[in-house]
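Here's the structure we're looking at; comments come further down.
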Amino acid sequence: MWRLGREISDRVQARPYTYADADWPDYLPITLSKTKWKFNSNTTHYGISSEEDEHDWASIFPDGNGFVRLGPNKRLFALSVYHEMHCMQSIRRAILQEGYGSGHVQHCLNYLRQMILCRADVQLEPVMEDGSVAWGRERTCRNREELYSWLSKNMAEYRLWRWDQ
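Read the sequence shown against this note's numbering and you will find it ends at 166, with the numbers running on by one and no gaps.
Here you go:
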């Protein structure tokens, strides 16, 4: 219950954090607008094994690979969305290379399982007569372009800060 109260408090009122020890917000302190996406079952990108696929998957990661630097001492944090994407990459690579990081892949499967169940997306997905789930439905998502832009600025600020140290 305390955690839920902290989450609501963090989102409603910004308070100063030291980013030392355990004093940081639960979420990145930005508000992203909403955008509509249609999920597609068949895409020409994000396959498994071609050189283009490797490039497509790598292009998901922003400058800094989804890590941010926050607070006066620029403490390093990972964003869960990019931890999840890193895990997708690891599983994809394990499909391609027998024995690839099996311990890490197990971690990733556990992490993704827990994240999916934690978020418990309850949007209804109609089932077709053949038993498959219908694709092409519109979803409301956070605007990832705004996130990329924010992360790019954060990395640029960190590099300037590091240069001045």
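We put the CB at the ideal spot given by N, CA and C, even for glycine.
- Cβ-Cβ distances below 7 Å link E53 to nothing in the same chain once the five nearest sequence neighbours on each side are left out.
- In the DSSP assignment, the residues bridged to F68 are A79.
- It is roughly 12 Å from the alpha-carbon of L71 to the alpha-carbon of K154.
- The beta carbon of G48 sits closer than 7 Å to those of D54, all from its chain and outside the five residues before and after it, given in chain order.
- A straight-line Cα-Cα distance of about 7 Å links F40 and E139.
- Taking A95 as the centre and dropping the five residues before and after it, the same chain places the C-beta of Y101, G102, S103 and V106 closer than 8 Å to its C-beta, in chain order.
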